[in-house]
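Working notes, structure below.
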Amino acid sequence: MPTLHFPHEDVLATAEERKLRRFDADRACALGNNEHGKLDIYFQTADGQTKRVQTTVWAVHESYLTLKAGATLPLHAIIGFDFY
-13 MPTLHFPHED VLATAEERKL RRFDADRACA LGNNEHGKLD IYFQTADGQT
37 KRVQTTVWAV HESYLTLKAG ATLPLHAIIG FDFY
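Going by my numbering, the residue at position 5 of the sequence shown is -9; the numbering climbs one at a time, nothing skipped.
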């Protein structure tokens, strides 16, 4: 992930979508910290490609997530989460 580049603009169009993404990010963090559970995160890179990572979310910050092994992912690049 350190070699990926992310878009400057938010990948979600509406405030409602962004609100749901924040809710899901907080839920993913609780899953990671309480149950050490993994999930899939779908995100977009600067070249417009959609990517998926299976990981554990350790922390949610104002503008990014901290993932397992200390990797970070900008919140504005995240399309959605898949919980299982």
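Note that beta-carbon positions come from the ideal geometry of N, C-alpha and C, so glycine has one too.
Note that the structure is a prediction, hence the values are computed from the model and not measured.
Q30 is a Cβ neighbour of A63, given a cutoff of 7 Å. With contacts defined as CB atoms closer than 7 Å, F69 and I27 fail to qualify as a contacting pair. Each of T0, A(-1), A45, T(-11) was checked against the Cα of N20, and the nearest Cα belongs to A45.
Looking only at E3, E2, L25, the smallest Cα-Cα distance to R13 is reached by L25. For F(-8), no beta strand (DSSP E) run applies, since DSSP gives it neither H nor E.
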